[in-house]
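Read the structure below first, then the notes.
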Amino acid sequence: MKGGGDIATGIANRLYQSHFSVVILELDKPTVVRRTVAFAQSVIQNSPATVEGVTAKVVALNEVHEVLSSGQIPVLLASEPFLVKKVIDTLKPVAVVDAIIAKRNTGTQITDAPVVIGVGPGFIAGLDVHAVVETNRGHDLGRVIYQGAASANTSIPGNIGGYTIERLIKAQNAGKFIGCREIGERIAAGEVVGYVDGVPVKVAITGILRGLLQTGLTVNSGMKLGDIDPRCRREHCFTISDKARAVSGGVLEALLHCRGNNRAYMVSNLRMNCSGV
């Protein structure tokens, strides 16, 4: 699994619960905002992260089998393409899922594994991946595409509680981000949630602070720093989202479909590939 953000975590959790052995590849400085429901948090806090009863921890490549055997998800640091290739060449997984959600293909190839799945826009099923899973909110959310691409990136988030772009918290300038509020807090429109090189970062609407970038990271102007949920349900900050669950179902379908629905083979084969690490 490429990526440890909230969508990738929803996928990893679904696959884990379906008895797949999952290994996550993540950057050494993740820029995930929904940190409370992201296995990338294990990198950020340098300690195991648990989401809905499933725990992931950062390990070395030679520790993968041991961690899988303990019932946890290994997280490997792979910030450079050559490190990603090394992991894939070593583990020889039966499937690679690119869930970075970069809105573009950052290097995934259809030859990476017997089954290669791209999540969201930037991939073409039948060309650089075997299947693509739709991430755009609406009627087709979670749909599996076996020929062609997902909807193009609109840069406008889905409508929640009557708000779209207003939900996003973005940097107005480049610099070092310092947060001053916590995920799960109720925030009023106009309040400050952090600073970028001393410039206040304010929210546009009232709601629950559902996501906020880890303090101390360097950001670019226009970069997403967090999001506000106008539904004001604090528990939503600590559970996998409806969107992540829909997308994870699509990934599970694609895995089973592309291997002829032979789930038992995939599970045993992936475990066999990892057993020699």
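Once you know that position 73 of the sequence shown is 73 in this note's numbering, the rest is easy, because the numbers rise by one and skip nothing. By construction, the Cβ of each residue, glycine as well, lies at the ideal position given by its N, Cα and C atoms. Computed from a predicted model, the values in this text were never measured in an experiment.
Item                                                                                                                        : Value
Using three-state DSSP, classify Tyr163 as helix, strand or coil.                                                           : strand
Identify whether Lys86 lies in helix, strand or coil by the three-state DSSP scheme.                                        : helix
Could you please give the first and the last residue of the uninterrupted beta strand (DSSP E) stretch that includes Thr55? : Val54 to Val58
At which residues does the alpha helix (DSSP H) containing Val203 begin and terminate?                                      : No alpha helix (DSSP H) holds Val203; DSSP gives it neither H nor E.
On the CB-based measure, 16 or more other CB atoms within 10 Å of its CB, does Gln41 come out buried or exposed?            : buried
Would you say Leu115 and Ile7 are within 8 Å of each other, going by their C-beta atoms?                                    : It should be pointed out that residue 115 corresponds to Val in this sequence rather than to Leu. No, these two residues do not count as a Cβ contact at 8 Å.
Going by C-alpha to C-alpha distance, which of Ala99, Pro121, Asn62 and Ala131 sits closest to Thr111?                      : Ala131
Quick check on the burial criterion: 16 or more other C-beta atoms within 10 angstroms. Buried or exposed for Lys2?         : buried
Quick one: Cα of Ile156 to Cα of Ile165, how far?                                                                           : 6 Å
Measuring only the C-alpha atoms, how far is Glu185 from Arg234?                                                            : 8 Å
Using DSSP's beta-bridge definition, name the partner residues of Gly283.                                                   : Within the shown structure, residues of the chain are numbered from 1 to 277, placing residue 283 beyond reach of any answer.
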